[in-house]
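**Q** I'd like to ask some things about the structure below.
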Amino acid sequence: MRIACGVEYDGSPFYGFQRQKQEPTVQQCLEEAISQVANHNVSIICSGRTDTGVSAALQVIHFDTQANRSVRQWLLGINSALPKDISVLWVKPVSEDFHARFAAISRSYQYRISNRPIRPALYRHYLTWVLKPLNHEWMHQAIQCLIGEHDFSAFRSSQCQSKQPVKTICKAVVKRSKDQVIINVTANGFLHHMIRNIAGTLIVIGKGEKPVAWMSEVLQSKDRKQAGMTAAASGLRFMSVDYPDKYNLPTLTDYES
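Quick note: the sequence shown uses our numbering, first residue 131, plus one each step.
Below is the structure:
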């Protein structure tokens with residue numbers, strides 16, 4: 131039997147999603163909790179791995195099991211075995227052809243910037259602070275050139291292992307909400323540090339240090355050295371992942387207050 135789960139987590143205490151030998155990770159905690167409920171060792175697959183310090187509003191995982199448990203037993207059992215930084219939002223049996231990673235149509239990330247004179251204390255683990263005023267309209271104009279299919283080599287990290295730098299961004303928006311500047315991007319896939327490098331480049335434009343047209347120049351250069359600095363992990367959040375309707379999985383809007 132294949133089971134899919136929707137998971138939210140606070141990434142600040144973890145060394146990313148993927149299991150590591152010594153450091154605590156989200157995958158390790160989930161596999162240990164699920165294995166405890168299943169009464170056998172379980173390995174999970176996620177829709178997209180997140181880096182150290184990156185949180186998720188709705189990550190999707192799947193696992194295979196021979197255990198006969200009700201949805202309620204899975205949900206309550208797993209959550210009772212998880213640390214308070216991780217919660218399973220929903221559990222759903224799925225067909226064998228479902229794959230959390232390969233069945234995904236698109237993924238969405240959000241990057242939040244605190245843009246005020248005083249550094250944030252209350253939400254410092256979930257924001258990046260920029261002191262200098264940012265023009266979010268310039269940033270929004272700049273990011274529009276990234277929509278569509280492009281080679282995003284200029285925004286990938288040197289450690290990126292992806293063999294294909296061409297991705298398709300279908301939505302890219304920058305808006306302001308009071309003293310926060312919020313970047314939302316949806317694409318069919320992402321390269322390592324891609325959103326953080328895009329955010330770092332947008333910050334330069336928002337400060338007025340480079341013109342709006344610079345974003346297009348950076349994209350066309352395919353050279354990471356031409357882009358802005360990598361923005362901090364704290365501002366990044368994995369928001370959601372979309373799948374074909376045939377799987378009928380819950381969405382982020384089902385759990386937003």
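For glycine and all other residues, C-beta sits at the position ideal for the given N, C-alpha and C.
(1) With a threshold of 16 other CB atoms inside 10 Å of the CB of residue 327, please say whether the residue is buried or exposed.
(2) So the candidates are 261, 152 and 227; which of them puts its Cα closest to the Cα of residue 373?
(3) Going by alpha carbons, who is nearest to residue 381 out of 168, 190, 163 and 139?
(4) On a Cα-Cα basis, can you pick out the residue from 297, 368 and 267 that is closest to residue 276?
(5) Is the region 190-205 touching the region 236-248, taking contact as three or more C-beta pairs under 8 Å?
(6) Assign residue 278 to buried or exposed, taking buried as 16 or more other Cβ atoms, counted over all protein chains shown, within 10 Å of its Cβ.
(7) Taking the beta carbon of residue 248 as the centre, do at least 16 other beta carbons fall within 10 Å, making it buried, or is it exposed?
(8) Give me the Cα-Cα distance between residue 349 and residue 283, rounded to the nearest whole angstrom.
(9) What residue from 149, 137 and 151 has the CA that sits closest to residue 209's CA?
(10) I'd like to know whether the C-beta atoms of residue 221 and residue 313 end up nearer to each other than 8 Å.
(11) Using only alpha-carbon positions, find the residue among 365, 194, 139 and 292 that is nearest to residue 325.
(12) Alpha carbon to alpha carbon, what distance is there between residue 319 and residue 161?
(13) Let me know if residue 285 comes out buried or exposed under the rule of 16 or more other beta-carbons within 10 Å of its beta-carbon.
(14) What is the rounded straight-line gap between the Cα of residue 317 and the Cα of residue 370?
(15) Since I believe residue 322 is in contact with residue 290 (beta carbons under 8 Å), could you give me their beta-carbon distance rounded to a whole number of angstroms?
(16) Taking only runs that begin and end inside the region 277-334, name each unbroken beta strand (DSSP E) of 3 or more residues, in chain order.
(17) Runs of 4 residues minimum, wholly inside the region 178-265: which ones carry the alpha helix (DSSP H) assignment?
(18) How big is the Cα-Cα spacing for residue 377 and residue 294?
(19) Is the Cβ-Cβ distance between residue 205 and residue 184 less than 8 Å?
**A** The answer reads as follows:
(1) Classification of residue 327: buried, given that the 10 Å Cβ count is 16 or more.
(2) Minimum Cα distance to residue 373 is reached at 227.
(3) Among 168, 190, 163 and 139, the Cα nearest to that of residue 381 is on 190.
(4) It is 297.
(5) With a cut-off of 8 Å, the region 236-248 and the region 190-205 do not count as touching, because too few Cβ pairs lie within range.
(6) Residue 278 should be labelled exposed.
(7) With fewer than 16 other CB atoms across the displayed protein chains lying within 10 angstroms of its CB, residue 248 is exposed.
(8) When rounded, the distance between both Cα atoms is 8 Å.
(9) Selection 149, 137 and 151 evaluated against residue 209 yields 137 as nearest (Cα-Cα).
(10) No.
(11) It is 365 whose Cα lies nearest to the Cα of residue 325.
(12) Taking the straight line joining both Cα atoms gives about 25 Å.
(13) By the neighbour-count rule (16 or more Cβ atoms within 10 Å), residue 285 is buried.
(14) Here the alpha carbons of residue 370 and residue 317 stand approximately 11 Å from one another.
(15) Going by Cβ atoms, the distance from residue 290 to residue 322 rounds to 4 Å, so yes, they are a contact pair.
(16) 278-281, 296-307 and 310-317, all fully within the region 277-334.
(17) Here the runs fully enclosed are 201-211.
(18) Their Cα atoms are separated by approximately 27 Å.
(19) No, the pair does not count as a contact, with Cβ atoms beyond the cut-off.
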